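Residue numbers (our numbering): 519 to 721.
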């Protein structure tokens, strides 16, 4: 199944205010200029890796409170590998920001950070303003339906809609995460799929 520009607009409509917020956020992303902002974005991606976003947000908040209070991330987050990476990034944040700003290949610089891998490097680069798609499980499945890459899928829809490729990525990911779009089948399920109030009303 090919995701057309018309279907993409239907997806945005089904997501409602969530899509409005996601689009506004993504369309206005800028490169980091502050060392703490750089570090906090990297730390959020590390916390989010392999976890549901709702859980990751809570862990991230605890971790940031700890490290800003001169404690180790391990004091509140008992994942040795991630906690060690978080502590290192926070401790060397000024040098890392300088390295990122001077790097020719921003995506590969992201990949050089501890606990940032082959997929999460795109997540971090995107949060730093790069116009890229993160080929996570949902986006990759959607792209596989068309026999193309996640980046190619998002760039095609970006050209058709006027949004950034990174914004298309965010909208499609949100649609899959919220049950509006089935990434396994490519089926559009609509707002009713994730709106309990509409289900109760039989809408």
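Positions of the beta carbon are idealized from the N, C-alpha and C atoms, including for glycine.
A quick note: this is a predicted structure, and the numbers were derived from the prediction, not measured.
Open item on the list: My assumption, with CB atoms under 8 angstroms, is that residue 564 sits in contact with residue 608. Please give the rounded CB distance.
Closed with: Sequence index remark: in the chain shown, residue 564 carries index 46 (1-based). Sequence index remark: in the chain shown, residue 608 carries index 90 (1-based). In fact, because the Cβ distance is near 11 angstroms, the residues do not count as touching under 8 angstroms.
Open item on the list: According to DSSP, simplified to helix, strand and coil, what is residue 706?
Closed with: Position 188 of the chain shown, counted from the first residue, corresponds to residue 706. Note: residue 706 maps to strand in three-state DSSP.
Open item on the list: Which same chain residues end up closer than 7 angstroms to residue 664 when comparing Cβ atoms and leaving out the 5 residues on each side of it in sequence?
Closed with: In the chain shown, residue 664 corresponds to position 146, counting from 1. If we look at residue 664 and ignore the five residues flanking it on each side, its Cβ neighbours are 520 and 671.
Task: Close-in-space but distant-in-sequence residues of the same chain around residue 533 (CB under 8 angstroms, 5 per side omitted) - done: One-based indexing of the chain shown puts residue 533 at position 15. Closer than 8 angstroms at the Cβ level, and outside the excluded window around residue 533, lie 540, 689, 692, 693, 696, 698 and 709.
Task: Between the CA atoms of residue 588 and residue 529 - distance to the nearest angstrom - done: Against the chain shown, residue 529 aligns to sequence position 11. Against the chain shown, residue 588 aligns to sequence position 70. About 44 angstroms.
Open item on the list: Counting beta carbon pairs with one atom in the segment 610-627 and one in the segment 640-656, are three or more of them shorter than 8 angstroms?
Closed with: yes
Task: Classification of residue 559 by the beta-carbon crowding that lies within 10 angstroms, buried from 16 upward - done: Here the question's residue 559 lines up with position 41 in the chain shown. Buried, since its Cβ has 16 or more Cβ neighbours within 10 Å.
Task: Distance between beta carbons of residue 701 and residue 656, contact taken as under 8 angstroms - done: Stepping through the chain shown from its first residue, residue 656 is reached at position 138. Stepping through the chain shown from its first residue, residue 701 is reached at position 183. Yes, they are in contact, since the Cβ atoms of residue 656 and residue 701 sit about 4 angstroms apart, within 8 angstroms.
Open item on the list: Just to confirm my understanding: we take residue 629, look at its own chain, exclude 5 residues before and 5 after, and list those with CB closer than 6 angstroms. What are they?
Closed with: Mapped onto the chain shown, residue 629 falls at position 111. Hits under 6 angstroms: 639.
Task: Element boundaries [alpha helix (DSSP H), containing residue 521] - done: Position 3 of the chain shown, counted from the start, is the residue given in the question as residue 521. Neither: residue 521 is in no alpha helix (DSSP H) and is coded neither H nor E.
Open item on the list: Out of 550, 631, 525 and 659, which one is the CA nearest neighbour of residue 605?
Closed with: Here residue 605 corresponds to residue number 87 of the chain shown, with the count starting at 1. Closest by alpha carbon: 631.
Open item on the list: Please classify residue 572 as buried or exposed, where buried requires at least 16 neighbouring CB atoms within 10 angstroms.
Closed with: As a working mapping, residue 572 is identified with position 54 in the chain shown. Flag for residue 572 reads exposed.
Task: Within the segment 613-693, ranges of the alpha helix (DSSP H) (whole runs, at least 4 residues) - done: 624-629, 638-645, 655-664 and 668-679
Task: Buried or exposed (CB count within 10 angstroms, at least 16 for buried), residue 682 - done: For the purposes of this step, residue 682 is identified with residue 164 of the chain shown, where counting begins at 1. The residue in question, residue 682, is buried, as its Cβ has 16 or more Cβ neighbours within 10 Å.
Open item on the list: Between 596, 669 and 617, which has its C-alpha nearest residue 552's C-alpha?
Closed with: Working through the chain shown from its first residue, we reach residue 552 at position 34. Minimum Cα distance to residue 552 is reached at 617.
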